[in-house]
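Chemist: Numbering (our numbering), first residue to last: 342 to 621. From the three backbone atoms N, C-alpha and C, an ideal C-beta is built for every residue, glycine too.
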Amino acid sequence: MSFNDSSPAASVSSGSQATYKVLSSKWDGLNPRLIAVFYPVKRSSSGQGWEQSFAKRTVSSADNFVVDDGFEVHTPITDGSQEMSFNWNSPFEGAGAESKIPTLSSMLQTGTLTADLQALLGNNVANNDVGKALRDVTGRTGITKLNSTQVFSGMPPIKFSFTAHFRALTDPQSEVRDPLTQLEQWAVPSYLADQGVIAGALQNGLKQSPLETIYPSVAPQLLAMKYGDQTILPIVIESMSKPITVPRSRDGAVLNVAVQLTVATLNAIDRRDIASYYNT
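Okay, structure coming up:
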(Lines of atoms letter the chains of each structure in order from A and count residues from 1; the text may use other names and numbers.)
(Lines give C-alpha, C1' and ligand atoms only; values in the text may rest on other atoms or scores of the structure.)
Protein backbone atom coordinates (compact mmCIF):
# COMPACT_ATOMS: atom_id res chain seq x y z
CA MET A 1 0.00 0.00 0.00
CA SER A 2 1.33 3.39 -0.94
CA PHE A 3 1.39 6.36 1.41
CA ASN A 4 3.26 8.69 -0.91
CA ASP A 5 0.48 9.70 -3.29
CA SER A 6 -1.87 12.15 -1.61
CA SER A 7 -3.45 13.45 -4.81
CA PRO A 8 -7.23 13.08 -5.09
CA ALA A 9 -8.72 10.14 -6.95
CA ALA A 10 -5.34 8.57 -7.67
CA SER A 11 -5.40 5.05 -9.08
CA VAL A 12 -2.93 2.84 -7.21
CA SER A 13 -1.89 -0.67 -8.08
CA SER A 14 -1.61 -3.24 -5.30
CA GLY A 15 -0.15 -6.53 -6.44
CA SER A 16 -0.48 -7.95 -9.95
CA GLN A 17 -4.28 -7.85 -10.20
CA ALA A 18 -5.98 -5.84 -7.46
CA THR A 19 -6.33 -2.10 -7.95
CA TYR A 20 -8.01 0.56 -5.89
CA LYS A 21 -8.81 4.24 -6.18
CA VAL A 22 -7.71 6.80 -3.58
CA LEU A 23 -10.28 9.42 -2.62
CA SER A 24 -8.65 12.38 -0.91
CA SER A 25 -8.08 16.10 -0.84
CA LYS A 26 -4.69 17.48 -1.80
CA TRP A 27 -2.32 17.48 1.19
CA ASP A 28 1.06 18.07 -0.44
CA GLY A 29 3.82 18.60 2.08
CA LEU A 30 2.01 16.88 4.95
CA ASN A 31 3.74 13.88 6.51
CA PRO A 32 1.93 10.82 5.07
CA ARG A 33 1.91 9.20 8.52
CA LEU A 34 -0.43 11.96 9.70
CA ILE A 35 -2.99 10.96 7.08
CA ALA A 36 -5.49 8.30 8.13
CA VAL A 37 -6.32 5.65 5.54
CA PHE A 38 -9.67 3.84 5.52
CA TYR A 39 -10.44 0.85 3.29
CA PRO A 40 -12.89 -2.09 3.17
CA VAL A 41 -11.85 -5.44 4.61
CA LYS A 42 -13.16 -8.99 4.38
CA ARG A 43 -12.31 -12.28 6.02
CA SER A 44 -9.37 -14.03 4.43
CA SER A 45 -9.94 -17.22 2.52
CA SER A 46 -8.54 -19.22 5.45
CA GLY A 47 -11.09 -17.66 7.77
CA GLN A 48 -8.39 -16.83 10.33
CA GLY A 49 -7.80 -13.15 9.62
CA TRP A 50 -8.76 -10.09 7.61
CA GLU A 51 -7.58 -8.67 4.32
CA GLN A 52 -8.29 -5.67 2.13
CA SER A 53 -11.24 -6.11 -0.20
CA PHE A 54 -10.99 -4.92 -3.81
CA ALA A 55 -13.88 -6.83 -5.34
CA LYS A 56 -17.19 -5.80 -6.80
CA ARG A 57 -19.94 -7.59 -4.90
CA THR A 58 -23.58 -8.17 -5.78
CA VAL A 59 -25.46 -7.47 -2.55
CA SER A 60 -28.94 -7.83 -4.05
CA SER A 61 -29.63 -10.25 -6.86
CA ALA A 62 -33.23 -9.09 -7.11
CA ASP A 63 -32.24 -5.45 -7.75
CA ASN A 64 -28.92 -6.31 -9.37
CA PHE A 65 -27.23 -3.91 -6.94
CA VAL A 66 -23.43 -4.09 -7.06
CA VAL A 67 -21.02 -2.60 -4.51
CA ASP A 68 -17.45 -1.72 -5.49
CA ASP A 69 -14.88 -2.16 -2.69
CA GLY A 70 -11.99 -0.80 -4.73
CA PHE A 71 -11.66 2.52 -2.87
CA GLU A 72 -9.59 4.04 -0.12
CA VAL A 73 -10.30 7.30 1.71
CA HIS A 74 -7.26 9.30 2.83
CA THR A 75 -7.77 12.16 5.27
CA PRO A 76 -5.73 13.92 7.95
CA ILE A 77 -7.29 13.68 11.40
CA THR A 78 -7.07 15.84 14.52
CA ASP A 79 -8.40 15.74 18.09
CA GLY A 80 -8.02 11.98 18.08
CA SER A 81 -8.46 9.88 21.20
CA GLN A 82 -8.68 6.20 22.05
CA GLU A 83 -11.06 4.97 24.73
CA MET A 84 -10.60 1.62 26.44
CA SER A 85 -12.95 0.73 29.30
CA PHE A 86 -12.88 -2.45 31.35
CA ASN A 87 -15.64 -3.96 33.45
CA TRP A 88 -14.43 -4.85 36.92
CA ASN A 89 -16.85 -5.53 39.79
CA SER A 90 -16.72 -6.79 43.37
CA PRO A 91 -18.99 -9.86 43.62
CA PHE A 92 -18.02 -10.55 47.25
CA GLU A 93 -19.17 -7.20 48.64
CA GLY A 94 -22.23 -8.83 50.16
CA ALA A 95 -20.18 -11.31 52.22
CA GLY A 96 -19.58 -8.97 55.17
CA ALA A 97 -21.73 -8.26 58.20
CA GLU A 98 -22.45 -4.76 56.88
CA SER A 99 -24.75 -6.21 54.22
CA LYS A 100 -26.60 -8.49 56.64
CA ILE A 101 -27.20 -6.03 59.47
CA PRO A 102 -26.24 -2.67 57.97
CA THR A 103 -27.81 -0.38 60.58
CA LEU A 104 -26.44 -2.28 63.56
CA SER A 105 -22.99 -2.57 61.97
CA SER A 106 -22.90 1.17 61.34
CA MET A 107 -23.89 1.95 64.93
CA LEU A 108 -21.25 -0.44 66.30
CA GLN A 109 -18.50 1.04 64.13
CA THR A 110 -19.32 4.63 65.01
CA GLY A 111 -19.94 3.93 68.70
CA THR A 112 -23.46 5.35 68.65
CA LEU A 113 -24.98 2.10 69.93
CA THR A 114 -23.28 2.61 73.32
CA ALA A 115 -24.89 6.02 73.76
CA ASP A 116 -28.28 4.63 72.82
CA LEU A 117 -27.98 1.79 75.36
CA GLN A 118 -26.88 4.21 78.07
CA ALA A 119 -29.91 6.37 77.40
CA LEU A 120 -32.15 3.31 77.46
CA LEU A 121 -30.68 1.27 80.34
CA GLY A 122 -28.78 3.86 82.35
CA ASN A 123 -25.17 4.85 82.78
CA ASN A 124 -24.25 1.61 84.54
CA VAL A 125 -24.15 -0.11 81.12
CA ALA A 126 -20.85 1.64 80.42
CA ASN A 127 -19.20 -0.07 83.41
CA ASN A 128 -20.12 -3.70 82.73
CA ASP A 129 -18.78 -6.22 80.24
CA VAL A 130 -21.36 -5.29 77.62
CA GLY A 131 -20.23 -1.68 77.60
CA LYS A 132 -16.59 -2.70 77.31
CA ALA A 133 -17.38 -4.96 74.33
CA LEU A 134 -19.27 -2.18 72.65
CA ARG A 135 -16.36 0.21 73.10
CA ASP A 136 -13.91 -2.35 71.73
CA VAL A 137 -15.91 -2.80 68.51
CA THR A 138 -15.95 0.94 67.79
CA GLY A 139 -14.06 1.71 64.57
CA ARG A 140 -13.97 -1.89 63.38
CA THR A 141 -15.38 -3.02 60.03
CA GLY A 142 -16.15 -6.26 58.24
CA ILE A 143 -14.51 -5.17 54.99
CA THR A 144 -11.61 -7.48 54.04
CA LYS A 145 -9.35 -7.91 51.06
CA LEU A 146 -11.44 -10.91 50.08
CA ASN A 147 -14.84 -9.24 49.96
CA SER A 148 -13.36 -6.16 48.28
CA THR A 149 -11.56 -8.14 45.53
CA GLN A 150 -12.58 -7.18 42.00
CA VAL A 151 -13.27 -9.70 39.23
CA PHE A 152 -12.93 -8.98 35.53
CA SER A 153 -16.28 -9.40 33.79
CA GLY A 154 -15.53 -8.27 30.24
CA MET A 155 -14.94 -5.18 28.15
CA PRO A 156 -16.63 -3.39 25.25
CA PRO A 157 -14.83 -2.80 21.94
CA ILE A 158 -12.25 -0.01 21.74
CA LYS A 159 -13.54 3.34 20.52
CA PHE A 160 -11.64 5.97 18.52
CA SER A 161 -12.92 9.52 18.19
CA PHE A 162 -11.39 12.12 15.90
CA THR A 163 -12.05 14.87 13.36
CA ALA A 164 -11.44 14.17 9.65
CA HIS A 165 -10.69 17.07 7.32
CA PHE A 166 -11.57 17.61 3.66
CA ARG A 167 -10.85 20.67 1.53
CA ALA A 168 -11.01 21.63 -2.13
CA LEU A 169 -8.11 23.42 -3.81
CA THR A 170 -9.04 22.75 -7.43
CA ASP A 171 -11.97 20.31 -7.66
CA PRO A 172 -14.69 20.11 -4.95
CA GLN A 173 -16.11 16.94 -6.50
CA SER A 174 -13.01 14.75 -6.26
CA GLU A 175 -11.41 16.41 -3.24
CA VAL A 176 -14.40 16.72 -0.90
CA ARG A 177 -17.62 15.20 -2.14
CA ASP A 178 -16.24 11.85 -3.34
CA PRO A 179 -14.25 10.90 -0.19
CA LEU A 180 -16.97 12.20 2.13
CA THR A 181 -19.70 10.36 0.25
CA GLN A 182 -17.66 7.17 0.37
CA LEU A 183 -17.30 7.40 4.16
CA GLU A 184 -21.05 7.94 4.48
CA GLN A 185 -21.78 4.96 2.24
CA TRP A 186 -19.52 2.78 4.39
CA ALA A 187 -21.26 3.96 7.56
CA VAL A 188 -24.82 3.11 6.52
CA PRO A 189 -26.12 -0.38 5.62
CA SER A 190 -24.88 -1.57 2.25
CA TYR A 191 -28.43 -2.47 1.25
CA LEU A 192 -31.85 -2.38 2.88
CA ALA A 193 -34.62 -4.40 1.26
CA ASP A 194 -37.74 -2.44 0.41
CA GLN A 195 -40.13 -5.23 1.38
CA GLY A 196 -40.56 -7.69 4.22
CA VAL A 197 -39.28 -11.25 4.06
CA ILE A 198 -42.57 -12.82 2.92
CA ALA A 199 -43.32 -10.24 0.25
CA GLY A 200 -39.74 -10.36 -0.96
CA ALA A 201 -39.79 -14.15 -1.16
CA LEU A 202 -43.00 -14.13 -3.22
CA GLN A 203 -41.69 -11.48 -5.59
CA ASN A 204 -37.99 -12.35 -5.84
CA GLY A 205 -37.77 -15.96 -4.69
CA LEU A 206 -36.55 -17.22 -8.06
CA LYS A 207 -33.98 -14.42 -8.47
CA GLN A 208 -32.03 -15.00 -5.27
CA SER A 209 -30.71 -17.73 -3.01
CA PRO A 210 -32.70 -18.99 0.02
CA LEU A 211 -30.30 -17.23 2.42
CA GLU A 212 -30.69 -13.96 0.56
CA THR A 213 -34.45 -14.40 0.70
CA ILE A 214 -34.42 -14.88 4.47
CA TYR A 215 -31.81 -12.15 5.07
CA PRO A 216 -32.45 -9.66 2.25
CA SER A 217 -30.52 -6.69 3.68
CA VAL A 218 -26.77 -6.20 4.11
CA ALA A 219 -25.03 -4.68 7.16
CA PRO A 220 -22.63 -1.72 6.93
CA GLN A 221 -19.15 -2.26 5.56
CA LEU A 222 -16.33 -3.45 7.82
CA LEU A 223 -13.24 -1.27 7.48
CA ALA A 224 -9.61 -0.92 8.45
CA MET A 225 -7.97 2.27 9.66
CA LYS A 226 -4.27 2.90 9.15
CA TYR A 227 -2.74 5.84 10.98
CA GLY A 228 0.76 6.53 12.24
CA ASP A 229 2.33 3.21 13.07
CA GLN A 230 -0.91 1.32 13.64
CA THR A 231 -3.39 -0.58 11.50
CA ILE A 232 -6.67 -1.23 13.33
CA LEU A 233 -8.98 -3.81 11.77
CA PRO A 234 -11.75 -4.61 11.52
CA ILE A 235 -13.58 -1.49 12.62
CA VAL A 236 -17.08 -0.10 12.21
CA ILE A 237 -18.26 3.50 11.99
CA GLU A 238 -20.47 4.10 15.04
CA SER A 239 -21.27 7.77 14.50
CA MET A 240 -20.58 10.48 11.97
CA SER A 241 -21.39 14.15 12.37
CA LYS A 242 -20.76 16.89 9.83
CA PRO A 243 -21.82 20.53 9.61
CA ILE A 244 -23.89 21.57 6.59
CA THR A 245 -23.41 25.34 6.86
CA VAL A 246 -19.83 25.35 5.56
CA PRO A 247 -17.91 27.30 2.89
CA ARG A 248 -19.33 26.43 -0.51
CA SER A 249 -18.66 27.30 -4.13
CA ARG A 250 -21.01 29.37 -6.26
CA ASP A 251 -22.54 26.05 -7.35
CA GLY A 252 -23.16 24.98 -3.75
CA ALA A 253 -20.33 22.44 -3.59
CA VAL A 254 -18.58 22.06 -0.22
CA LEU A 255 -15.11 23.61 -0.19
CA ASN A 256 -13.99 22.89 3.37
CA VAL A 257 -15.50 20.63 6.02
CA ALA A 258 -14.45 18.94 9.27
CA VAL A 259 -16.28 15.71 10.11
CA GLN A 260 -16.49 14.17 13.59
CA LEU A 261 -16.15 10.39 13.50
CA THR A 262 -16.37 7.67 16.11
CA VAL A 263 -15.21 4.23 15.09
CA ALA A 264 -14.90 1.05 17.15
CA THR A 265 -13.32 -2.34 16.84
CA LEU A 266 -15.73 -5.07 15.79
CA ASN A 267 -15.31 -6.91 19.08
CA ALA A 268 -13.38 -6.84 22.33
CA ILE A 269 -9.64 -7.40 21.94
CA ASP A 270 -6.81 -9.11 23.79
CA ARG A 271 -3.01 -8.83 23.98
CA ARG A 272 -2.53 -10.54 20.62
CA ASP A 273 -4.70 -7.96 18.89
CA ILE A 274 -2.79 -5.06 20.46
CA ALA A 275 0.50 -6.55 19.20
CA SER A 276 -0.92 -7.16 15.72
CA TYR A 277 -2.05 -3.54 15.38
CA TYR A 278 1.62 -2.49 15.42
CA ASN A 279 2.90 -5.36 13.29
CA THR A 280 0.49 -5.09 10.36
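1. Mark M566 as exposed unless 16 or more other C-beta atoms lie within 10 angstroms of its C-beta, in which case mark it buried.
2. I need the boundaries of the alpha helix (DSSP H) containing T554, first residue and last residue.
3. With respect to the alpha helix (DSSP H) encompassing A528, which residues constitute its N-terminal and C-terminal limits?
4. Alpha helix (DSSP H) containing D614: first to last residue?
5. From the DSSP output, which residues share a beta bridge with A599?
6. DSSP has Q389 in a bridge; who is on the other side?
7. Check for me: the beta strand (DSSP E) holding A403 runs from which residue to which?
8. Leaving out the 5 sequence neighbours to the left and right, which residues in its chain are closer than 8 Å to P575 when beta-carbon positions are compared?
9. Can you check which of these residues, V600, I499 and P432, is closest to D420 by C-alpha distance?
10. Are the Cβ atoms of T603 and S502 separated by less than 7 Å?
11. What first and last residue would you give for the beta strand (DSSP E) that runs through D420?
12. Which same chain residues end up closer than 7 Å to I610 when comparing Cβ atoms and leaving out the 5 residues on each side of it in sequence?
13. What are the partner residues of W429, as DSSP defines its beta bridges?
14. Terminal residues of the continuous beta strand (DSSP E) containing T482?
15. By DSSP, does P513 sit in helix, in strand, or in coil?
16. Does the Cβ-Cβ distance between V517 and V587 come in under 7 Å?
17. Is the beta carbon of M581 sitting closer than 7 Å to the one on A505?
Modeler: In terms of the structure at hand:
1. Position 225 of the sequence shown holds residue 566. M566 comes out buried.
2. Residue 554 sits at position 213 when you count from the first residue of the sequence shown. First-last of the alpha helix (DSSP H) with T554: P551 to I555.
3. What you label residue 528 is simply residue 187 of the sequence shown in a count that begins at 1. Its alpha helix (DSSP H) spans residues D519 to A528.
4. Looking up residue 614 in the sequence shown gives position 273. Looking at the DSSP string, the run of the alpha helix (DSSP H) that includes D614 is R612 to N620.
5. Here residue 599 refers to the residue found at position 258 of the sequence shown. Answer is H506, bridged to A599.
6. Position 48 of the sequence shown, counted from the start, is the residue given in the question as residue 389. According to DSSP, Q389 bridges with nothing at all.
7. Walking along the sequence shown from the start, residue 403 turns up at place 62. Neither: A403 is in no beta strand (DSSP E) and is coded neither H nor E.
8. In the sequence shown, counting from the first residue as 1, residue 575 sits at position 234. Correct list, in chain order: V382, W391, L563, L564, A565, T606 and L607.
9. Along the sequence shown, one-based indexing puts residue 420 at 79. When only C-alpha atoms are compared, the closest one is V600.
10. Residue numbering aside, residue 603 sits at position 262 when the sequence shown is read from its first letter. Residue numbering aside, residue 502 sits at position 161 when the sequence shown is read from its first letter. Yes, these two residues count as a Cβ contact at 7 Å.
11. The residue given as residue 420 occupies position 79 in the sequence shown. Where D420 is concerned, the enclosing beta strand (DSSP E) stretches over F412 to E424.
12. Numbered from 1 along the sequence shown, position 269 holds the residue referred to as residue 610. Cβ within range, chain order: I499.
13. Looking up residue 429 in the sequence shown gives position 88. Paired residue(s): F493.
14. For the purposes of this step, residue 482 is taken as residue 141 along the sequence shown, with counting starting at 1. Here T482 belongs to no beta strand (DSSP E), and DSSP marks it neither H nor E.
15. Taking the first residue of the sequence shown as 1, we reach residue 513 at position 172. In this structure, P513 counts as helix in the three-state DSSP scheme.
16. Translated into the one-based positions of the sequence shown, residue 517 becomes position 176. Translated into the one-based positions of the sequence shown, residue 587 becomes position 246. Contact flag unset, no.
17. Counting from 1 along the sequence shown, the entry for residue 581 is found at position 240. Counting from 1 along the sequence shown, the entry for residue 505 is found at position 164. No. Outside cutoff.
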